[in-house]
Amino acid sequence: MYADIQKGRPGCRPVDAAPMAKLMKVWARYFPEETELQVPADDPRARLVGDLVKVLELEERAKLLPRVEDDGVVFFLPIDFQQLKNLCGGTNLLDALRENPKEALLCMGVAVHLVKCSGNGLQLSDVDKVNIRLYNHTETIIALKNLKAAYIKKLVTVRGTVVKVSTVKPLVLALEFKCMKCATVIRRVFSDGKFSPPVSCIIQGCKGRTFTPLRSTAKLIDFQKIRIQELSSAENREEGRVPRTIECELIEDLVDCCIPGEVVTVAGIVKVLNNHMDVGGGKSKSRNQGLYYLYLEAISVRNSKAHVVSENSDASSTDILATGSFSFETFTDKDLKFITEYNSEHGADVFRQILHSFCPSIYGHELVKAGITLALFGAVQKHSMDQNKVPIRGDIHVIIVGRSRTRQEPITKSCSICFPTGNICMREYNHKCWSNSCCG
1 MYADIQKGRP GCRPVDAAPM AKLMKVWARY FPEETELQVP ADDPRARLVG
51 DLVKVLELEE RAKLLPRVED DGVVFFLPID FQQLKNLCGG TNLLDALREN
101 PKEALLCMGV AVHLVKCSGN GLQLSDVDKV NIRLYNHTET IIALKNLKAA
151 YIKKLVTVRG TVVKVSTVKP LVLALEFKCM KCATVIRRVF SDGKFSPPVS
201 CIIQGCKGRT FTPLRSTAKL IDFQKIRIQE LSSAENREEG RVPRTIECEL
251 IEDLVDCCIP GEVVTVAGIV KVLNNHMDVG GGKSKSRNQG LYYLYLEAIS
301 VRNSKAHVVS ENSDASSTDI LATGSFSFET FTDKDLKFIT EYNSEHGADV
351 FRQILHSFCP SIYGHELVKA GITLALFGAV QKHSMDQNKV PIRGDIHVII
401 VGRSRTRQEP ITKSCSICFP TGNICMREYN HKCWSNSCCG
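Counting with full-length UniProt numbering, you get residues 1 to 440 for the letters of the sequence shown.
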């Protein structure tokens, strides 16, 4: 544990009194489950915060702190792991990220919080919390098939296609309850969103067990779930196996950062959830109490295809670094130059050239390729919600029905790769023992 490493450091001293006073003002915002009013000065987390504050103030303050953004609700700082590795090499942050990544990132958030408020004329109360969005952590990249119990509470990075996105919902982090017998107010913090009301009154002599929630005191944040599916690459492909999926939980500034069909890279902490929480009552509730499934608490979400395009353009913003979102409605100068040269070279034969460029590994099948090519450039017409009803292109869905010899799978995969958002679903079945069908 990094706490043992911290205690064993030569010359390790408690945090100074002045920084400790500022630390106490924001500590409860990052560690709300702790009931102690005072944090010990020799606490390894407090010591880590002190070391990070010194590093941020002396070296990278001018470069790093301006990237702290406010989305209107919470502050967040997107930071490259390689930059963080060079910045904090003299501290125990890297050891803490390996042993207890959640506490390490919270300590980093506390340090950024203190330094940002000290240099910009802000009060500590002006900033509620700073979330650290760590990305480009190549050392923790892992395939979904290798994600096992050994990685619980560890920091990992996975890549996959978003196949499901839930609606944004409010998540209760803390709530106060009023005892119906003595009117004592008890504050409860719900770790990982698990609702746990008090079972007895904390006042000595009071035997009250009935409590009323004070809904106006609830602390709420935005919450969303996404499901990502492993990528079907040629080297890792397993014949006859359903692609693996994993649930990811997004909170606060990460919600609505991706849509189904996008290829994303998610850095997060592996957690477990008891199966009985997702099933109904009765006998089935008591059968699976020893079974758990893994999910990810996301730290950062980046659109992989958007990131590749954004690197070739001049556009750079903190939003791209935080969530990897990128607008494909604007073309770069390189794209416009290619379109102009391509049109002048081929003229009226543009459609034929595009048709032959689509999935060149499959010979023939021009009608199938022509249908998919036309579908890529057109779709069901939709209208925006404004008064003018401006027509916009709708979502594109392509289905191929036929016998297996028409090579639907590679053609449909090429269709999925052409667009920044795309997913492929292959389904085969026999019909009267002589026909089969594939759809993508």
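Think of the CB as a built atom: it goes at the ideal place given N, C-alpha and C, for glycine as much as any other residue.
Classification of residue i by the beta-carbon crowding that lies within 10 angstroms, buried from 16 upward
i	result
residue 139	exposed
residue 18	Note on residue 18: pLDDT 45, under 50, position unreliable in the model; no value is reported.
residue 101	buried
residue 242	exposed
residue 136	buried
residue 374	exposed
residue 229	buried
residue 351	exposed
residue 337	exposed
residue 372	buried
residue 335	exposed
residue 91	buried
Test item: CB-CB of residue i and residue j under 9 Å
i	j	result
residue 173	residue 44	no
residue 221	residue 247	no
residue 157	residue 141	yes
residue 255	residue 168	yes
residue 476	residue 218	Coverage of the chain is limited to positions 1 through 440, which leaves residue 476 absent and any answer about it impossible.
residue 249	residue 296	yes
residue 104	residue 114	no
residue 56	residue 111	yes
residue 294	residue 264	no
residue 68	residue 116	yes
residue 130	residue 81	no
residue 199	residue 258	no
residue 161	residue 231	yes
Straight-line gap, residue i to residue j (C-alpha atoms, nearest Å)
i	j	result
residue 47	residue 301	30 Å
residue 176	residue 291	32 Å
residue 29	residue 109	10 Å
residue 153	residue 85	21 Å
residue 355	residue 366	7 Å
residue 25	residue 333	50 Å
residue 342	residue 253	41 Å
residue 192	residue 223	11 Å
residue 183	residue 128	29 Å
residue 363	residue 78	46 Å
residue 196	residue 414	49 Å
residue 171	residue 204	32 Å
residue 88	residue 143	28 Å
residue 83	residue 118	23 Å
residue 212	residue 274	27 Å
residue 194	residue 98	26 Å
residue 51	residue 107	10 Å
residue 27	residue 201	26 Å
residue 369	residue 346	19 Å
residue 49	residue 251	24 Å
residue 206	residue 23	35 Å
residue 349	residue 361	21 Å
residue 344	residue 353	13 Å
residue 53	residue 216	35 Å
When the options are compared against residue i, the one with the closest alpha-carbon
i	options	result
residue 178	151, 206, 214	214
residue 186	251, 210, 192, 360	210
residue 145	159, 155, 134	159
residue 181	199, 204, 208	208
residue 376	99, 128, 358	358
residue 151	83, 184, 269, 223	269
residue 134	149, 148, 155	155
residue 260	244, 303, 148, 274	303
residue 244	49, 148, 345, 201	148
Residue i CB to nearest heavy atom of the ligand NAD below 8 Å
i	result
residue 214	This structure does not include the ligand NAD; it has no bound ligands of any sort.
Chain C contact for residue i (CB, 9 Å cutoff)
i	result
residue 259	No chain C appears in the structure shown, which is made up of a single protein chain.
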